[in-house]
Amino acid sequence: ANESTAGGAPPSVSPPPPPSCARVLGAMPELPEVEAMRGLMERHAVGRTIRKVFARESGGGPRDGKFDDKVIGEGVKEPAFVDALLGRRVVAAKRLGKQLWLELGGEGPHLLVHCGMTGSLAVDGVKRFNFESFSVDEAWPPRFTKLQLELGGGSGGSVAKVAFADPRRFGKILLRRDPAGEAPIAELAADPLVAPPALATFVAVLGRSSMPVKSLLLDQGKVVCGVGNWIADEVLHKAGVHPAAPANTLSDRQIAALRDAVLFVVRTAVKVDADAARFPKDWLFHFRWGVGPNSSGVTLPDGSLLAFSEVGGRTTAFVPSRQHMGEKAAADTVGEAATT
Numbered sequence: 005a006n007e008s009t010a011g012g013a014p015p016s017v018s019p020p021p022p023p024s025c026a027r028v029l030g031a032m033p034e035l036p037e038v039e040a041m042r043g044l045m046e047r048h049a050v051g052r053t054i055r056k057v058f059a060r061e062s063g064g065g066p067r068d069g070k071f072d073d074k075v076i077g078e079g080v081k082e083p084a085f086v087d088a089l090l091g092r093r094v095v096a097a098k099r100l101g102k103q104l105w106l107e108l109g110g111e112g113p114h115l116l117v118h119c120g121m122t123g124s125l126a127v128d129g130v131k132r133f134n135f136e137s138f139s140v141d142e143a144w145p146p147r148f149t150k151l152q153l154e155l156g157g158g159s160g161g162s163v164a165k166v167a168f169a170d171p172r173r174f175g176k177i178l179l180r181r182d183p184a185g186e187a188p189i190a191e192l193a194a195d196p197l198v199a200p201p202a203l204a205t206f207v208a209v210l211g212r213s214s215m216p217v218k219s220l221l222l223d224q225g226k227v228v229c230g231v232g233n234w235i236a237d238e239v240l241h242k243a244g245v246h247p248a249a250p251a252n253t254l255s256d257r258q259i260a261a262l263r264d265a266v267l268f269v270v271r272t273a274v275k276v277d278a279d280a281a282r283f284p285k286d287w288l289f290h291f292r293w294g295v296g297p298n299s300s301g302v303t304l305p306d307g308s309l310l311a312f313s314e315v316g317g318r319t320t321a322f323v324p325s326r327q328h329m330g331e332k333a334a335a336d337t338v339g340e341a342a343t344t
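Position one of the sequence shown corresponds to residue 5 (the working numbering), numbered consecutively onward.
Take a look at the structure:
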């Protein structure tokens with residue numbers, strides 16, 4: 005029978021899986037990491053029915069037993085939130101940018117999850133996603149769990165337990181009648197994995213913006229969605245573009261290289277299920293952690309010096325010898341000099 009555990013005892017606790025089950029992803033959830041979570045939900049939640057909902061914090065955090073209305077809903081009350089999910093079948097797991105949602109059968113809203121800086125989905129008995137800047141508790145439920153779902157209907161009557169944990173509480177769990185047609189998903193730019201924007205779109209968007217190209221890449225509503233800090237730096241390094249270059253000073257050649265790099269970095273990271281240990285060994289990713297804007301002396305395997313600065317309020321890693329400012333600006337300067 006379907007059962008709400010809101011206000012009652014949380015679902016049973018399981019022993020932690022072996023430590024070797026954990027693997028390291030990026031610093032915080034960006035497109036590849038969220039796509040890995042979508043795959044997790046596709047394998048363990050899709051086709052099952054939500055039998056129990058526990059919408060109070062569990063796992064031993066300071067808010068244990070409390071409904072966290074900063075993370076869950078937008079003013080929705082705990083009983084209404086639980087009732088909206090209970091007894092409904094998970095039809096599909098979908099993602100756009102960093103937004104993930106479970107499409108539910110029957111009447112009612114669907115479940116939207118945004119991981120923020122430290123949110124992560126976990127399945128009991130399945131290896132955890134751990135990140136460079138935070139880790140997910142190996143016990144069940146994980147520490148700082150905000151929501152637990154127990155899903156039945158698996159082969160042989162098996163049950164799957166899903167949790168969303170978020171220690172810093174920047175994530176969101178929302179209900180949406182039409183996820184793709186409502187904010188926040190409807191406000192996103194094109195997804196570089198699902199529907200990459202054409203080169204003409206890149207040229208048009210960058211051409212009308214004077215903001216630093218890295219800041220433009222990080223804006224989820226401008227040219228692409230799903231790109232966060234480490235992906236932006238990786239993309240700009242591969243494209244040979246300086247992160248502080250004004251977007252409208254990039255030449256068509258640089259913009260084409262930038263688009264190619266976005267697609268390459270995202271597809272490569274997704275192909276290895278966002279497992280950082282399997283990223284190409286020459287990626288900046290492996291050398292950027294634990295540093296700040298004033299760090300120095302970090303070198304890549306080929307001897308290139310890795311520099312750090314702040315662009316758009318974010319710590320930025322780049323290689324000055326290989327990443328250049330906009331070629332349009334350089335060409336204009338040369339043209340002006342030739343006419344004087």
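Glycine is no exception: its CB is placed at the ideal position from the N, C-alpha and C atoms. Note that this is a predicted model, so its numbers are computed, not measured.
First and last residue of the uninterrupted beta strand (DSSP E) at residue i
i	result
W105	103-108
Q152	149-156
V228	Segment: none, V228 is in no beta strand (DSSP E) and carries neither H nor E.
F58	53-58
V315	309-315
L125	124-127
T319	318-322
V117	114-118
Given residue i as reference, the closest of the options once Cα atoms are compared
i	options	result
E61	V217, K70, R132, T53	K70
R99	R263, G317, E46, F312	E46
P200	L267, E191, L178	L267
T253	T320, S214, A97, R282	S214
L35	A126, S139, A278	A278
F148	V163, E154, D264, F168	F168
P145	G65, L192, F138	G65
Close Cβ partners of residue i (< 6 Å) along its chain, the five nearest in sequence each way excluded
i	result
V28	With a pLDDT of only 49 at V28, under the threshold of 50, the placement of this residue in the model should not be trusted, and no figure is reported.
R67	E61
R173	K74, V75
K165	D128, E154
A261	A243
V231	L221
Terminal residues of the alpha helix (DSSP H) in which residue i lies
i	result
F168	Note, F168: premise wrong, no alpha helix (DSSP H); beta strand (DSSP E) at 164-169.
E37	35-48
L89	82-89
R263	256-275
S219	217-222
V140	It is not in any alpha helix (DSSP H) - V140 carries neither H nor E in the DSSP assignment.
Cβ-based neighbour list, residue i, same chain, cut-off 7 Å, excluding 5 preceding and 5 following
i	result
V338	Here V338 scores only 43 on pLDDT, less than 50, and its place in the model should not be relied on; the value that follows carries that caveat. The answer is none, since no qualifying residue turns up.
For residue i: DSSP bridge partner residues
i	result
R93	T53
F174	Its beta-bridge partners do not exist; DSSP assigns none.
G98	Position check: residue 98 holds Lys in this sequence, whereas Gly was assumed. Paired residue(s): W105.
I76	I177
Take every Cβ of the stretch 215-225, pair it with every Cβ of the stretch 314-324, and state whether three or more of those distances are shorter than 8 Å. Because the criterion of three Cβ pairs below 8 Å is met, the stretch 215-225 and the stretch 314-324 touch.
Three CB pairs or more closer than 8 Å across the stretch 178-185 and the stretch 224-241: In short, these stretches do not touch, since the Cβ pair count stays below three.
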